[in-house]
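Protein chains in written order, with my numbering: chain U, 3 to 326; chain P, 3 to 326; chain W, 3 to 326; chain A, 3 to 326.
Number of protein chains: 4
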Amino acid sequence: MSDPTEPCHDIAHLGHVEMLTDRFEESLDFFTRVYGLKLSAIAGESAYLRAWDDYEFHSLKLTRAETTGVAHIGYRAASPAALARRVAAIEASGYKTHGWQDGDPGHGRAFRFEDPFGHVFEIYYDTVWWQPQEEAERAVLKNTASAFSGAAPRRLDHLNLLASDVTEFRRFMETCLGSRVTEYIQLDNGRLGGCWFTVNNKTYDLACTEEHGGGHARLHHVTYATDQREDILRAADIFLQNGVHIETGPHKHAVQGTFFLYVWEPAGNRVELANSGARLILAPDWQPVCWTEADRRKGQAWGLKTIESFHTHGTPPVKSREET
Amino acid sequence: MSDPTEPCHDIAHLGHVEMLTDRFEESLDFFTRVYGLKLSAIAGESAYLRAWDDYEFHSLKLTRAETTGVAHIGYRAASPAALARRVAAIEASGYKTHGWQDGDPGHGRAFRFEDPFGHVFEIYYDTVWWQPQEEAERAVLKNTASAFSGAAPRRLDHLNLLASDVTEFRRFMETCLGSRVTEYIQLDNGRLGGCWFTVNNKTYDLACTEEHGGGHARLHHVTYATDQREDILRAADIFLQNGVHIETGPHKHAVQGTFFLYVWEPAGNRVELANSGARLILAPDWQPVCWTEADRRKGQAWGLKTIESFHTHGTPPVKSREET
Amino acid sequence: MSDPTEPCHDIAHLGHVEMLTDRFEESLDFFTRVYGLKLSAIAGESAYLRAWDDYEFHSLKLTRAETTGVAHIGYRAASPAALARRVAAIEASGYKTHGWQDGDPGHGRAFRFEDPFGHVFEIYYDTVWWQPQEEAERAVLKNTASAFSGAAPRRLDHLNLLASDVTEFRRFMETCLGSRVTEYIQLDNGRLGGCWFTVNNKTYDLACTEEHGGGHARLHHVTYATDQREDILRAADIFLQNGVHIETGPHKHAVQGTFFLYVWEPAGNRVELANSGARLILAPDWQPVCWTEADRRKGQAWGLKTIESFHTHGTPPVKSREET
Amino acid sequence: MSDPTEPCHDIAHLGHVEMLTDRFEESLDFFTRVYGLKLSAIAGESAYLRAWDDYEFHSLKLTRAETTGVAHIGYRAASPAALARRVAAIEASGYKTHGWQDGDPGHGRAFRFEDPFGHVFEIYYDTVWWQPQEEAERAVLKNTASAFSGAAPRRLDHLNLLASDVTEFRRFMETCLGSRVTEYIQLDNGRLGGCWFTVNNKTYDLACTEEHGGGHARLHHVTYATDQREDILRAADIFLQNGVHIETGPHKHAVQGTFFLYVWEPAGNRVELANSGARLILAPDWQPVCWTEADRRKGQAWGLKTIESFHTHGTPPVKSREET
């Protein structure tokens, strides 16, 4: 198939995340009024949301459920042929597949498959470009998707999943999506503590860190990108004023150099606002950056010690040992 | 060769620009002390410069000459095989070629060719990753290339060339580099007024606008990216304090939405600092954005009228009719 | 009375501006929904508005009228005794007085007087501190006046009046308010082109520039301060999206070093958002900075040429010769 | 003397701090090369430093010593008459006085006195305005004191002293300097935990917090103001790159709403960079904001728990029980 010495370009980008909530109305209020996403539609038990410059109908599908966490993750293929190549690779891989699914209001048919830790992925090509329904929604600048308002995040950036074996998860991402690793954490015990993946020039679109709570198919967080760091400082005041739980930040990660702010939406899912500045991975032969435990003991980039809940809180909560 | 319905990924990114100066010492002082690039080496008649997070040995080769303008433009291929594919495509194209050249301190052998307007391009794969020579140069964060200092630009972003026929230039870029067009200016007379190209997820790495001064193979400007818009506001004060000619900005372009600041280095070459926020072109089926003359009459994004010299000044100057 | 060699501290600060509009509903929509002021009350023909950290009930009184411009300007005295001292000084000055007026929903009784160019001023001490009427309006941080939202300006900063004789206006401000001049424009013809005044440590709270349009008692603009320059860049996008006429900016004034953005509200009154960074006038013996016409020919701080309408547009319009 | 119901304006502003260092060369390198102050002169055992927009010859006097901490604090009076009034008030107060001292290269004669906790203060009127010695030092904009360079702080902002009895310190500040309290911490045990003072429209120029380490006349920190919050984020990277100990931040204080970053200079004195946005105390009848222990348990504005060393580290170290 594709030359293993060249980056795979079959997958264009992370498309959307389906997040579960057991407090649907409060979560929807948070994501629209406070976090700053825009509502494309409500259909069935789900709300379809997008950032102001996401070009697709939705990048977050928020679904009413009895629990929290991530229901599925969608990546968009680069072309119909690329989609077919990826499906063939996945079917040949031995990973569990769910087969072709009908789309939803946001995209066409999608092929679903699963990582060894229970997270469900899908890949698709046919999509729905968001179109303004009324004039007030139309962006004045025609190279932006939606009308800008408030301190809203610009586009879906990445998500972070938990897995009990990061090395195994890495094999899954390389095999099924052709992702490459840009940075990783090497534990003293020889295991991978975390891995940051990308399918394009973004520094990462998905991170996987080690599950410490005994959970299954859990979510660590979902992140949207802002244009400027200042947007994140302002957002912190907005979260404060609206009684949102700020877990940690604003601060700068050593890993990936991302400027971050983590909060919990009302149902407990962790969501982030992040800014990477002008950082891109342009080198075709990028060598993954290794972070050791000795590196990590220095704290985040500017010395902040990582807050304890960051190592334990994921969604859905683990029944017998949840931290909060 | 490659499927024309899929983006070409043979070219990884814009690598470097060779700029000519007839005031070498003053230009070098400007680029290092004021504009904030770092000096990797001086060899022969050239200084090799890089931004603090450029991973290669140089992104700007500043060369002593009897005139100004751009000597050549280098793009890095994604792999040796991709380089071979591109060379074959170029040789089949009928465009003028200069053949393989030995590299310089910054990269290995390169294949040179020329657009119909006299601009010389080269593509290469083997490169030199910049390495700190002494400890003080080493970045504390190991995912950044160099030690950060001052208000320095982060990485080479794009360049803008002048051509008497933008449609013809577009054919050149699509044929030789597999570039795609993300935005363009459609003149009322049916001609293309300008075209913005990319080979990856950046919104553009090269722009071509119409030559109005009768010049040949001229440069409009070279641009480096900053992390934040604030870096550009600060840079404006630094340019002011150092007596640098600020041509226009800071302001925001309507086209591409770039926040910009244009100055002239001592020899008269136009250089820009720019920030695109979180904007990337992730959609594999991106439809180029068309800007008409009616759109352009509204000025830049926030209404600034484009300064006259922006339409006329290029380097090298045109002998009999130069504007300044 | 007070020692003329010491700064006068009888006047604490600029309190509010009453602005006239012949498009009341549109102006009110602009100031609340787009510009970001908060509505304290509507009473009679006026809306009382404040910025999110103005401590008083209002800093802008927007009044329905047949024309535009400024109806009166209110300064708050430092104490009842200071108010009495100022009233005595004004009564002794020979300037036209209107005597004591009842207050309005925003403050207690006020003494009104008039400059030689028809602008009406008032000074008062008793005021109404704004109090949240419902919990959602209450700021979480108790050292801020109101709940923060959006990209709203933080507090009233200054206003700019037009007068046919700036020297005469300077005498008025020094006599009646004890203001001191921090910067001024010296024209080649010997006249003052403009003067910037302050009663406290702000770099200015009122500017007066020469009336060129033959108008009477006209307003040039009213300005609110933002916390950061970034707030102004974001505001420019909000104005753009909402179809507001952006006259000039964002850019940096040479005079006072203020980062500025000027727009016209729907009735044509010019309003500004500005940021002065950490600049304050702390020196008790500050020597006013003089700007000559030669200085002014260099344009604003970063070289922008001042737009023509900035020299001609004021409110209300001058009947026979208005510029727009 | 002055009417106790009116603010005292005899003192214009905080002028300078004399800081002791037992690592003079390293401290001087830090303050000039990393922190961004400018050197006005070295005379005797002291370096005289200023921020780029401090108008006086120095705002930091760095003195070689056998220990660390603060040697004295200088406030500038508003006029010669105001200076005389203050000296009379201090002499009548019963606080310990050191009498008139000759000035130093930065100012004329000064009257010294002492708080009950051993901190030495001085007040003076005659001062030396900093003048550029060569053209390159001259600011292009004539309303700024020095040529801007790098990410330098703009002006001296405030300092924080430790005292075993904050109520007693409050009486000292009100009596000797006519300072007013803008915010304070009320402990559950009835004591004042901290007090923030100002003599002008700044939100504070001196803070006093409770000494918990048994020290005498100790310094908690000295702070310079930056123009924008972004300057502080950039400074954090500069400190990181230069191996400076970042104690805590960037983050936002709940008290006073200051955006902060605390580092230790090489001798261990804590220094801060801070930004207050557009916040000023303009109300002449400002009621001090009270923060209770319940308020404080919420952490800083965005939830950061205050780092332990912030409660214990002061300079000079306390011999038998120092924390580091």
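Even glycine gets a Cβ: it sits at the ideal position worked out from N, Cα and C.
Given residue i as reference, the closest of the options once Cα atoms are compared
{"i": "leucine 275 of chain W", "options": "W:Ile309, W:Ser311, W:Leu235 and W:Cys178", "result": "W:Leu235"}
{"i": "glutamine 188 of chain A", "options": "A:Tyr77, A:Leu30, A:Val291 and A:Ala53", "result": "A:Val291"}
{"i": "valine 273 of chain U", "options": "U:Asp117, U:Ala14, U:Trp102 and U:Leu161", "result": "U:Leu161"}
{"i": "glycine 259 of chain A", "options": "W:Gly279, W:Asn145, W:Asn191 and W:Val320", "result": "W:Asn145"}
{"i": "glycine 2 of chain A", "options": "U:Ile283, U:Arg281 and U:Gly251", "result": "What the structure shows of chain A is the stretch from 3 to 326, and residue 2 of chain A is not part of that stretch, so it cannot be assessed."}
{"i": "leucine 242 of chain W", "options": "P:Leu208, P:Lys300 and P:Phe119", "result": "P:Lys300"}
{"i": "aspartate 106 of chain U", "options": "U:Asp239, U:Arg193, U:Ser61 and U:Ala84", "result": "U:Ser61"}
{"i": "alanine 149 of chain P", "options": "P:Arg281, P:Gly279, P:Leu41 and P:Thr225", "result": "P:Leu41"}
{"i": "phenylalanine 261 of chain U", "options": "U:Val246, U:Asp239, U:Arg157 and U:Gln230", "result": "U:Gln230"}
Local conformation of residue i per DSSP, three classes
{"i": "cysteine 178 of chain P", "result": "helix"}
{"i": "glutamine 302 of chain W", "result": "coil"}
{"i": "glycine 76 of chain P", "result": "strand"}
{"i": "glutamine 133 of chain A", "result": "coil"}
{"i": "proline 155 of chain P", "result": "coil"}
{"i": "glutamate 213 of chain W", "result": "coil"}
{"i": "serine 48 of chain P", "result": "strand"}
{"i": "isoleucine 309 of chain W", "result": "coil"}
{"i": "leucine 16 of chain U", "result": "strand"}
{"i": "valine 183 of chain U", "result": "strand"}
{"i": "threonine 314 of chain P", "result": "helix"}
{"i": "arginine 114 of chain A", "result": "strand"}
{"i": "alanine 237 of chain P", "result": "helix"}
{"i": "proline 319 of chain P", "result": "coil"}
Rounded C-alpha distance that separates residue i from residue j
{"i": "valine 36 of chain U", "j": "threonine 65 of chain U", "result": "18 Å"}
{"i": "threonine 314 of chain U", "j": "glutamate 249 of chain U", "result": "12 Å"}
{"i": "alanine 94 of chain P", "j": "asparagine 277 of chain P", "result": "37 Å"}
{"i": "glycine 135 of chain U", "j": "tyrosine 264 of chain W", "result": "The question names glycine, but residue 135 of chain U is glutamine in the sequence shown. Cα-Cα distance, rounded: 32 Å."}
{"i": "isoleucine 309 of chain P", "j": "serine 311 of chain U", "result": "54 Å"}
{"i": "tryptophan 293 of chain U", "j": "histidine 15 of chain U", "result": "25 Å"}
{"i": "tyrosine 126 of chain U", "j": "aspartate 287 of chain U", "result": "27 Å"}
{"i": "lysine 63 of chain W", "j": "proline 155 of chain U", "result": "34 Å"}
{"i": "alanine 67 of chain A", "j": "arginine 25 of chain A", "result": "8 Å"}
{"i": "leucine 51 of chain P", "j": "alanine 141 of chain P", "result": "17 Å"}
{"i": "leucine 22 of chain P", "j": "phenylalanine 33 of chain P", "result": "13 Å"}
{"i": "glutamate 137 of chain W", "j": "leucine 85 of chain A", "result": "47 Å"}
{"i": "arginine 114 of chain W", "j": "valine 246 of chain U", "result": "47 Å"}
{"i": "glutamine 302 of chain P", "j": "glutamate 212 of chain P", "result": "18 Å"}
{"i": "glutamate 325 of chain A", "j": "alanine 237 of chain P", "result": "Because glutamate 325 of chain A sits at a pLDDT of 42, beneath the cut-off of 50, its placement in the model cannot be relied upon, and the following sentence gives the value as read from the coordinates. Roughly 41 Å separates the two Cα atoms."}
{"i": "glycine 217 of chain A", "j": "phenylalanine 119 of chain A", "result": "9 Å"}
Short Cβ contact (7 Å threshold) for residue i with residue j
{"i": "isoleucine 13 of chain A", "j": "valine 201 of chain A", "result": "yes"}
{"i": "glycine 76 of chain U", "j": "glutamate 124 of chain U", "result": "yes"}
{"i": "glycine 270 of chain A", "j": "leucine 164 of chain A", "result": "no"}
{"i": "leucine 39 of chain W", "j": "alanine 49 of chain W", "result": "no"}
{"i": "aspartate 159 of chain P", "j": "tyrosine 226 of chain P", "result": "yes"}
{"i": "threonine 69 of chain P", "j": "proline 268 of chain P", "result": "no"}
Any non-hydrogen atom of the ligand GTP closer than 6 Å to residue i Cβ
{"i": "alanine 303 of chain P", "result": "Summarising the ligand content, the structure contains no ligands, and the ligand GTP is consequently not present."}
Using a Cβ-Cβ cut-off of less than 8 Å, give me the residues of the segment 23-43 of chain P that come near chain A, in sequence order. Sequence-ordered contacts of the segment 23-43 of chain P with chain A are nonexistent [C-beta pairs closer than 8 Å].
The segment 63-83 of chain U: positions lying closer than 8 Å to chain P by Cβ: Listed in sequence order: Arg78, Ala79, Ala80, Ser81 and Ala83.
Give me the subset of the segment 182-195 of chain U whose CB atoms are less than 8 Å from a CB atom of chain P, sorted by chain position. When CB distances to chain P are screened at a threshold of 8 Å, the residues of the segment 182-195 of chain U falling below it are Glu185, in chain order.
Query raised in the report: Which residues, taken in chain order from the segment 266-284 of chain A, show a beta carbon closer than 8 Å to some beta carbon of chain U?
Result: Within the segment 266-284 of chain A, no residue has a Cβ that lies closer than 8 Å to any Cβ of chain U.
Any residues in the segment 221-232 of chain U with a beta carbon nearer than 8 Å to a beta carbon of chain P? Which ones, in chain order? Correct list: Ala227, Thr228, Asp229, Gln230, Arg231 and Glu232.
Got a sec: which bits of the segment 236-260 of chain A sit with their beta carbon under 9 Å from any beta carbon on chain P, in order along the chain?
-> Within the segment 236-260 of chain A, the qualifying residues are Arg236, Asp239, Ile240, Leu242, Gln243, Asn244 and Gly245.
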